[in-house]
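To start, the structure itself, in C-alpha cells.
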Amino acid sequence: MKITDIFKETKRTFSFEFFPPKNLNAAVRFGINAGQLMKLNPSFVTGTYGAGGSTHEKTFDMVDLFNNSLNFTCMPHYTCVNATEEKIAYDMRVLKDNNIENIMLLRGDPPKDNPEALKNADGFNYASDLIQFVKKYYDHFAIGAAAYPEKHPEARSMDEDIRNLKYKVDSGVDFLVTQMFFDNDHYYRFLEKTQKAGINCRIIPAIMPITNYKQIKKFADISGAHIPESLQRRMEANLGRPNELYKIGLDFAIKQAHDLLENGAPGLHFYTLNKCRAAVDLYESLADDYKEIRKNYEKSFSPHMPF
Ligand SMILES: Cc1cc2nc3c(=O)[nH]c(=O)nc-3n(C[C@H](O)[C@H](O)[C@H](O)COP(=O)(O)OP(=O)(O)OC[C@H]3O[C@@H](n4cnc5c(N)ncnc54)[C@H](O)[C@@H]3O)c2cc1C
Numbered sequence: 189m190k191i192t193d194i195f196k197e198t199k200r201t202f203s204f205e206f207f208p209p210k211n212l213n214a215a216v217r218f219g220i221n222a223g224q225l226m227k228l229n230p231s232f233v234t235g236t237y238g239a240g241g242s243t244h245e246k247t248f249d250m251v252d253l254f255n256n257s258l259n260f261t262c263m264p265h266y267t268c269v270n271a272t273e274e275k276i277a278y279d280m281r282v283l284k285d286n287n288i289e290n291i292m293l294l295r296g297d298p299p300k301d302n303p304e305a306l307k308n309a310d311g312f313n314y315a316s317d318l319i320q321f322v323k324k325y326y327d328h329f330a331i332g333a334a335a336y337p338e339k340h341p342e343a344r345s346m347d348e349d350i351r352n353l354k355y356k357v358d359s360g361v362d363f364l365v366t367q368m369f370f371d372n373d374h375y376y377r378f379l380e381k382t383q384k385a386g387i388n389c390r391i392i393p394a395i396m397p398i399t400n401y402k403q404i405k406k407f408a409d410i411s412g413a414h415i416p417e418s419l420q421r422r423m424e425a426n427l428g429r430p431n432e433l434y435k436i437g438l439d440f441a442i443k444q445a446h447d448l449l450e451n452g453a454p455g456l457h458f459y460t461l462n463k464c465r466a467a468v469d470l471y472e473s474l475a476d477d478y479k480e481i482r483k484n485y486e487k488s489f490s491p492h493m494p495f
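Here the sequence shown is numbered in this note's numbering, starting from 189 and rising by one per residue.
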C-alpha cells in the first residue's frame, strides 16, 4: 500500500525504522526484536540503506521480507551518492517489480575515505536530482525524503536549507521524515519556517529514545542534533548504571512523544536501532492516550505473522 493512501485513512502514522543485520548472529537478534515490534502493527516500516549503498542487497532483501512475506507497508531508503543513472534505473525497476510502492530518496554521504564521491558523474548531486529522475521515469512510488529541524550540517544557514528543501519537495516529494532531535522547539520552529516557505506535505518527526548514551551521542554529534545539557548531565552522572540510564532515556522520550502528539504532529517515526524494548515501552505509554495506537496495539494480540 502507498503511504500516501495510509495518510488518507489516518491523521497520524506510527512507523519503525530498521537497518539490515550484518551477519547471522545479528540476524537472529533482529528477528526476535523485529518480531516484537511488528506485533504492534506499525503504520509502515522503513529500511535504511548503508552508507554509499554498502547494504544494497541486504536492504532490498529486508524490505522484500517485510513487504511481501509479512505484508507490512514498507519503504526502503535509497541514496544516489556514487550511483550511476543505469544502476538507479535498474534498482527502481527491481523494486517496482517486487511490489514496493514507497521509497525514501536521499543523497547519502560519501564514504569517509572518498569525499569526492559527492561529485556524481551522472549529475545526481542532491536528493532532488534523484527525486526528479525517479518521478519522471518511475512515477509509481510514493516518495519520502529527509528534513532537518536543526538544519543539515552542510547548509550555511537554516534559510538556505529550507530553500533547498522547498526545491526538493517541489521535485516530487510526498512527505518528509525528520532527522532525530531532542528538543521539540526545534521541530515547532522548523514547521513555522517550512509553512512560510510553502512546504505543505506531512513532516513526520523522528524519535530516538536514548538507551545507549555514548552511541546516540556519537550519532547526534555527526547529524548536528543537540542533546539538551540537563539530559546530558543526568546521563553522564549515571553512565555505569544501565537500568537507571534506560529509565532516564525512556522517560525523556515519553515526554517528548506526548508533547509532539499533543501539539498536532502527524505521527511519530521511531529509530529502533533494531531493538524492541524502548519502542515497545514508549508505544505502550502512548496507547492509553492515542486511539490510533490503541487500535494497533489491541489488534497486536491477534496473530499477524505468517510464520
Ligand atoms: C529520515 C532520514 C533517513 C536517512 N536514511 C539514510 C539511509 O538510509 N542511508 C544513508 O546513507 N543516509 C541516510 N540519511 C542521511 C542522509 O543521507 C544525509 O543526511 C545526507 O548528508 C543528506 O541527504 P539528503 O537526502 O537530506 O540530501 P539533500 O536533500 O540533497 O541535501 C544535502 C545538502 O545539500 C544542500 N542542497 C540540497 N539541494 C541543493 C541544491 N539544489 N543546491 C545546493 N545545495 C543543495 C542541502 O541544503 C543540504 O545541506 C538519512 C537522513 C534522514 C533525516
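The C-beta atom is built at its ideal place from N, Cα and C for all residues, glycine as well.
Output the boundary residues of the beta strand (DSSP E) element that contains residue i.
i, result
"Phe458", "455 to 459"
"His374", "Per DSSP, His374 belongs to no beta strand (DSSP E); it is in the alpha helix (DSSP H), 372 to 384."
"Glu144", "What the structure shows of the chain is the stretch from 189 to 495, and residue 144 is not part of that stretch, so it cannot be assessed."
"Arg390", "390 to 392"
"Ile331", "330 to 335"
Just the Cα atoms here: how many angstroms apart are residue i and residue j?
i, j, result
"Phe254", "Phe232", "10 Å"
"Arg344", "Asp371", "21 Å"
"Asn302", "Val269", "11 Å"
"Gly223", "Cys464", "9 Å"
"Phe347", "Ile395", "Reading off the sequence shown, one finds Asp at residue 347, where the question assumed Phe. In a straight line, the C-alpha of Asp347 is about 24 Å away from that of Ile395."
"Cys262", "Gly235", "8 Å"
"Ala309", "Thr272", "7 Å"
"Ser411", "His340", "8 Å"
"Pro230", "Asn462", "14 Å"
"Asn211", "Pro337", "34 Å"
"Val468", "Asp476", "13 Å"
"Asp193", "Ala333", "17 Å"
"Met226", "Ile392", "20 Å"
"Met292", "Glu342", "20 Å"
"Leu245", "Phe204", "According to the sequence displayed, residue 245 carries Glu and not Leu. One C-alpha to the other measures close to 20 Å."
"Lys381", "Ile415", "22 Å"
"Phe218", "Asn287", "23 Å"
"Ala315", "Thr267", "8 Å"
"Asp279", "Thr366", "25 Å"
"Arg422", "Tyr478", "29 Å"
Considering Cα atoms alone, identify which of the options is closest to residue i.
i, options, result
"Glu417", "Ser411, Ile410, Asp347, Lys405", "Lys405"
"Ala441", "Leu474, Lys381, Glu480", "Leu474"
"Asn400", "Arg429, Ile391, Tyr471", "Arg429"
"Leu449", "Tyr434, Leu433, Tyr375, Tyr459", "Tyr375"
"Pro424", "Ile350, Ala335, Gln444, Ile398", "At residue 424 the sequence reads Glu, which differs from the Pro that was named. That would be Ile398, whose Cα lies nearest to the Cα of Glu424."
"Pro208", "Tyr326, Glu197, Phe248", "Phe248"
"Met454", "Leu364, Ile436, Asp373", "Before going on, a small fix: residue 454 reads as Pro here, not Met. Closest by alpha carbon: Leu364."
"Pro264", "Ala214, Ala277, Ile331, Tyr326", "Ile331"
"Glu274", "Leu318, Glu289, Thr243", "Leu318"
Can you determine whether any heavy atom of ligand 3 sits closer than 7 Å to the C-beta of residue i, and answer yes or no?
i, result
"Asn287", "Among the ligands present in this structure, namely ligand 1, ligand 3 is not found."
How far does the alpha helix (DSSP H) with residue i in it reach, from first residue to last?
i, result
"Gly496", "Lying before the first or after the last residue shown, residue 496 is absent from the chain, which here runs from 189 to 495."
"Tyr325", "315 to 325"
"Val233", "Looking at the DSSP string, Val233 is not in any alpha helix (DSSP H); the run it does join, the beta strand (DSSP E), is 232 to 235."
"His244", "244 to 252"
Shorter than 8 Å from the beta carbon of residue i to some beta carbon of chain D?
i, result
"Ala441", "The structure shown contains no chain D; it holds only a single protein chain."
- Can we say the region 281 to 297 touches the region 234 to 253, given the rule of at least three CB pairs closer than 8 Å? yes
- Does the region 384 to 396 come within contact of the region 354 to 361, defined as at least 3 CB pairs closer than 8 Å? At 8 Å Cβ cutoff, the stretches touch.
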